[in-house]
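In our numbering, the protein residues as written are 1 to 933.
A virtual CB, placed ideally from N, CA and C, is assigned to each residue, including glycine.
Okay, structure first, notes after.
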Amino acid sequence: MNNKLLYIVGMAFLLSTTANGQQHAADSLGNNGLDAEMIDLGYIKKNRSNLTQAVSTVSSEVFENKTATILQNSLYGLFPGLYAKQNVGWHAEAALNVRGRGGLGDGTPLIIVDGFPRSLNAITLEEVETMSVLKDGAATALYGARGANGVILLTTKRGAYNSFDVDINYKHGFTLPVNKPEMADAYTYARAMNEALYYDGLAPMYSESDLNAFRNQTSPDIFPNVNWVDEGTRSMGENNQLNLLVRGGGSKLRYMGLFDYKNDFGLLNEKYTEYTDRYKSQIRSYDMRLRMNIDVDLTSSTQMQFGIVGVLNESKRPDETIGTIFENLYKVPSAAFPIKTSNDLWGSNLLHKMNPLAVIADQGYYQTNWRKLEANMRITQDLSMLLKGLKAEAAIAYDNTATFWQEGSKTYSYEVISYSDETGKVGTVYNDNPQYVVNIGSGSNKVLEQTIRSNWEVKLGYDRAWNNHQLSVSALYRQEMEESLGVNSSWYRHSLMGMASYNFRNKYMVDVVANRYGTSVLLKGDKFRFYPAVSAAWVLSNEDFLKDWSFVDLLKLRLSYGRSAVDNLAYGLGKHYWSSLREYYFGDSNTEVSGYLERKIPMRSLELETADKYNIGLDVQLFKKLSFTADMYYDKRSNILVSNNKVSGMIGIDVPQQNVGKVESKGLELSLGWNDKIRDFRYYINGNVSFMDSKVLENGEGYQPYDYLYAKGHKVGQAFGLEAVGYFRDEEDIRKSPVQTFSTVRPGDVKYKDQNNDGRIDAYDEVAIGKSTTVPEMVYGLNLGFEYKGFGVDATFQGVGGISTMLTTPHVYRPLRNNNNISTWYLKDRIRWTESTKDIANLPRLSTLDNANNYRSSTQWLENGSFFKLRNLNVYYNFPQKWSEKLRMDKLQVYVRAQDLFSLDHIDYLNCENLSLGYFDTMSISLGLNINF
């Protein structure tokens, strides 16, 4: 069964069961206990059945069965409207987008942890209580100039009254490399080089005797055959994680304490990482964190919440970036030079001037020590003695993150072997006096990076219910400060906000937000903007005409509008700058005089990228088992800061950017789930699907002579390029075809369509090709599982459709040119153009030259980026209660978990979401034990 058919089958299965999130996931409605479940929106908490905003929420049980040690990598397929895109690399985090990208930027959402803006990198999966995605304007307006890209709100676990619970979790994991490109061996590489030189019209590099020497390995100093990737790496990495969580409390104090330790060891070959006794250069990290959350009833009317988390992390690697280490293993051809020469020196040549394995073994090490402290406190005072329903809150948070560094820098000797018939084999040694120096940063240079955040807020709220009415009104003032090392790297924000909610008979609800928000990136004297929102809900299931429909637990219609923005602008846009050291010439003798150069014209007015969001939603729950949610949305972005390409360069000076960009996005989100239990058999199937579309209305681009050249009117991230129509068969074909202006063309080069019929192929022939390369048209998730007498299985799938990608990776898809290596994809998996394959070829000829003609953005390299992946699999067994009780345990579980087990996609080699040659793409498997007392 081919990938396309499997993709269709997977989609048909998903849509036949279209479901939501996960077993404990919900979307603007709950499962059982609708009236009891509270949804935290950050500044306000709402009963789920009365929620008027578009919010998706999952609870702790979802995360506890995931394999990932990085929280972002556990979010695939969980939330409708949340697109988690996998990044490949050592401890790489998934990129997150809510309802697409909205504007022309990367669309990164705001992260709120326990009520304050923070990152997720201090959070373990085990400490998550709930995570919510705030999607519509009514929810994001609460966050003013930071909410337009959506908000991800996370709360950590806290203690409970009169309880005591201990949870111990240990797992041992393995990381296995997958999707590794296979590079050509020395003989195959040499033949490919000769073929490329032949079609370039150049003399061959290797003689027949040279080829035989590569194949027979009769002289490895001169004709080596090194599989650098296999030699430099091992088949498996390992990691360990121990997690201890204690939570409980008495009548006045509640607590939650978490201790977490994990280590992770990379995929470099120990033969080289332990090459010297001075240091070990294996890629590795050690991580320890401690969190404490405390809640205290100071009096019957006064409560205090306190939270603190500390993280210590040490990471080590060779004294080279991880991406470069792995790229070196791919880019050096197997025929280039030996690992070591016969003189026991590292091999190299005058082109690369390095040895990929020596970089791992003999170039030193680099170590970073990352420290994080986050603390927050909140005091809530009931003021009912003054006015019933009146309450005041005050909160403060302080975060400090810093990274320190240490480097052991070393040079190594290498030998370059040359050979000629006259001189024979000659070796030249470079760096014959290697040095080893340990550098530890000192003073201001000791800290590689540091960020300090401090936030505080005060809030006064009034909440009363009488007869059939409920009214909640609150006012909040908040200040935020974030400072990092460097120039123009500090942000200051103020928010003065009013919120009101009205509920009539649990049937009709209205929420209003008025947020006056100021940010330091705006120009002096013009720092504040206004962000309003209004949302309403009608709970039809509480109407008298549905009272006899007992199977209807919830039927609710929602409608909302809200405004928010993003303030990720650079400083200095409104300032006039001059630069020195410009030379001017005066007089008859052109005397040179130094002076100043006027820089870009300053902006006299500056706006924030603003989002006006509209949403209509439907929430349904039936039989206390079936849940369904549908949301339709429209997002209009305006005031996007773009380059002004409409002013002629004749003005003689760089013109300022303008807030004229506009983008519209719209979409549909569906989720449906079923959760049931039949005697000892419990099962669930839940899923979600999101359809997204976007259109660039204005992007500041200048005049184009042909309408098809405009990016306006197309999707955000739309791919543009030439339309390939085949390959030149011979010189006569070249003469009869339009002139291709990018480089000299030869038979076997890509032939392009002349879009404007001017007899030339140039940049004016580039058109929209494929789909967006950044925002898919469809994202879906499928979550299913069962448990029977202690044995259970949970699985999470994620799929993406309607997205394009370009095969631009050097060495793999673009071989040999400019001294690149070559993969078997070009040699075996596809049919390259040769004189004997010109009728069936699907790739251009090989070339050693830059060949700008063949390697342009075009349909030749366009590929379908859609996929369907098994993101997480959890297989577990809970030992019978009578067994665990004998051991004085409440629960004893063993499990096997795996992440990224398979992918059905259209990309040969590499991860279809990230076509990079850095650290390997991996599959993770963990064996674990969970004990609860």
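Query raised in the report: My guess is that tyrosine 706 and tyrosine 764 are in contact by the Cβ rule of under 8 Å, so how many angstroms apart are they, rounded?
Result: Approximately 6 Å separates the beta-carbon atoms of tyrosine 706 and tyrosine 764; this is inside 8 Å, confirming the contact.
Report task. Decide if isoleucine 840 is buried, meaning its Cβ has at least 16 other Cβ atoms within 10 Å, or exposed. Result -> Exposed is the call here.
Query raised in the report: Taking DSSP as the reference, what is the three-state secondary structure of arginine 48?
Result: Correct three-state label for arginine 48: helix.
Query - methionine 236: first and last residue of the uninterrupted beta strand (DSSP E) it sits in - result: Unbroken run through methionine 236: none, as it is neither H nor E.
Query raised in the report: Name the DSSP bridge partner or partners of glutamate 863?
Result: DSSP, once it has assigned bridges, lists Thr805 as partnering glutamate 863.
Query raised in the report: How would you write the range of the beta strand (DSSP E) that methionine 499 sits in, first residue to last?
Result: Per DSSP, the unbroken beta strand (DSSP E) holding methionine 499 starts and ends at 490–504.
Query raised in the report: If you compare alpha carbons, which of Pro204, Tyr206, Asn756 and Gly721 is closest to arginine 856?
Result: Comparing alpha carbon positions, the residue from Pro204, Tyr206, Asn756 and Gly721 closest to arginine 856 is Gly721.
Query raised in the report: Which residues mark the beginning and the end of the alpha helix (DSSP H) in which threonine 188 is found?
Result: Unbroken alpha helix (DSSP H) run through threonine 188: 186–199.
Requested in this report: Please list, in chain order, all residues of the same chain as asparagine 878 whose beta carbon is under 6 Å from its beta carbon, the five residues on each side excluded.
Outcome: Excluding positions up to five away in sequence, the list reads Gly790 and Gln893.
Query raised in the report: Heavy atom of the ligand ADP less than 8 Å from the Cβ of tryptophan 456, yes or no?
Result: Of the ligands one can find in the structure shown there are none, so the ligand ADP has no counterpart to examine.
Query - Validate contact between the stretch 342–357 and the stretch 385–398 using beta carbons, cut 8 Å, 3 pairs - result: The stretch 342–357, when compared against the stretch 385–398, does not touch it at the 8 Å Cβ threshold.
Query raised in the report: When you compare only the Cα positions, how much space is there between aspartate 733 and asparagine 853?
Result: Rounded to the nearest angstrom, the two C-alpha atoms are 16 Å apart.
Query raised in the report: Residues in its own chain within less than 6 Å of glutamine 303 by CB, not counting five upstream and five downstream?
Result: Taking glutamine 303 as the centre and dropping the five residues before and after it, the same chain places the C-beta of Asp297 and Thr380 closer than 6 Å to its C-beta, in chain order.
Query raised in the report: By Cβ distance, which residues of its chain are closer than 6 Å to aspartate 654, with the 5 residues on each side in sequence left out?
Result: Answer for aspartate 654: Lys600, listed in chain order.
**Report entry** C-alpha gap between asparagine 50 and leucine 496, whole angstroms
**Finding:** Answer to the nearest angstrom: the Cα atoms are 25 Å apart.
Requested in this report: Go ahead and pull the three-state DSSP assignment for aspartate 588.
Outcome: In this structure, aspartate 588 counts as coil in the three-state DSSP scheme.
Query raised in the report: Taking all protein chains shown into account, do 16 or more other C-beta atoms lie within 10 angstroms of the C-beta of serine 924, making it buried, or fewer, making it exposed?
Result: Classification for serine 924: buried.
Query raised in the report: Expressed to the nearest angstrom, what Euclidean distance is found between the alpha-carbon atoms of isoleucine 616 and leucine 608?
Result: Distance between the alpha carbons of isoleucine 616 and leucine 608 is about 26 Å.
Requested in this report: Determine the direct distance from the alpha carbon of leucine 904 to that of asparagine 455, and round the result to whole angstroms.
Outcome: Between asparagine 455 and leucine 904, the C-alpha separation is close to 45 Å.
Report task. Look at the alpha carbon of aspartate 900 and the alpha carbon of alanine 94, and state the distance between them as a whole number of angstroms. Result -> Taking the straight line joining both Cα atoms gives about 13 Å.
Requested in this report: Determine the burial state of valine 226: buried for a count of at least 16 other Cβ atoms within 10 Å of its Cβ, exposed for fewer.
Outcome: By the 16-neighbour rule on beta-carbons within 10 angstroms, valine 226 is buried.
Query raised in the report: Tell me, which residues are paired with isoleucine 685 by DSSP?
Result: Partner(s): Trp674 and Leu784.
Requested in this report: Could you tell me whether the Cβ atoms of arginine 284 and threonine 124 are closer together than 9 Å?
Outcome: Note that the C-beta distance between arginine 284 and threonine 124 is not below 9 Å.
Query raised in the report: If you compare alpha carbons, which of Leu668, Gln479, Leu887 and Leu448 is closest to valine 458?
Result: Ranking the options by Cα distance to valine 458, first place goes to Gln479.
Query raised in the report: Does the distance from the C-beta atom of arginine 738 to that of glycine 713 stay below 9 Å?
Result: The sequence as given places proline at residue 738; arginine does not occur at that position. No. Outside cutoff.
Query - Beta carbon of arginine 215 nearer than 9 Å to that of asparagine 149 - result: No. Outside cutoff.
**Report entry** Where the alpha helix (DSSP H) through lysine 331 begins and ends
**Finding:** From DSSP, the alpha helix (DSSP H) with lysine 331 extends over 322–331.
Query - Residues sharing a beta bridge with alanine 397, DSSP - result: Paired residues: Asn376 and Asn455.
**Report entry** Residues near tyrosine 571 by beta carbon distance below 6 Å, same chain, minus five either side
**Finding:** Once the five neighbours on either side are set aside, the close Cβ partners of tyrosine 571 are Asn488.
**Report entry** Sequence-distant residues of its chain with Cβ nearer than 7 Å to glutamate 320 (five each side left out)
**Finding:** For glutamate 320, where only same-chain residues beyond five positions count, the Cβ hits under 7 Å are Val359 and Gln363.
Query raised in the report: Should tyrosine 585 go down as buried or exposed, given a rule of 16 or more other Cβ atoms within 10 Å for buried?
Result: Classification of tyrosine 585: exposed, given that the 10 Å Cβ count is below 16.
Requested in this report: Give the DSSP-derived three-state secondary structure of asparagine 874 in the structure shown.
Outcome: Strand.
Query raised in the report: Near tryptophan 228, what residues of its chain come up, given a Cβ to Cβ distance below 8 Å and the 5 sequence neighbours on each side ignored?
Result: Correct list, in chain order: Met183, Asn328, Leu329, Tyr330, Val332, Ser334, Pro356 and Leu357.
Query - Proximal residues to phenylalanine 528 (C-beta, below 7 Å), its chain only, five neighbours per side dropped - result: The residues are Arg516, Tyr517 and Gly518.
Report task. Look at the alpha carbon of alanine 25 and the alpha carbon of asparagine 194, and state the distance between them as a whole number of angstroms. Result -> Low confidence applies here, because alanine 25 scores a pLDDT of 41, under 50, leaving its location unreliable; read the following figure in that light. Their backbone Cα atoms lie some 59 Å apart in a straight line.
Query raised in the report: What whole-angstrom Cβ distance do alanine 192 and leucine 784 have, given they're in contact under 8 Å?
Result: No, alanine 192 and leucine 784 are not in contact; Cβ-Cβ is about 47 Å, not under 8 Å.
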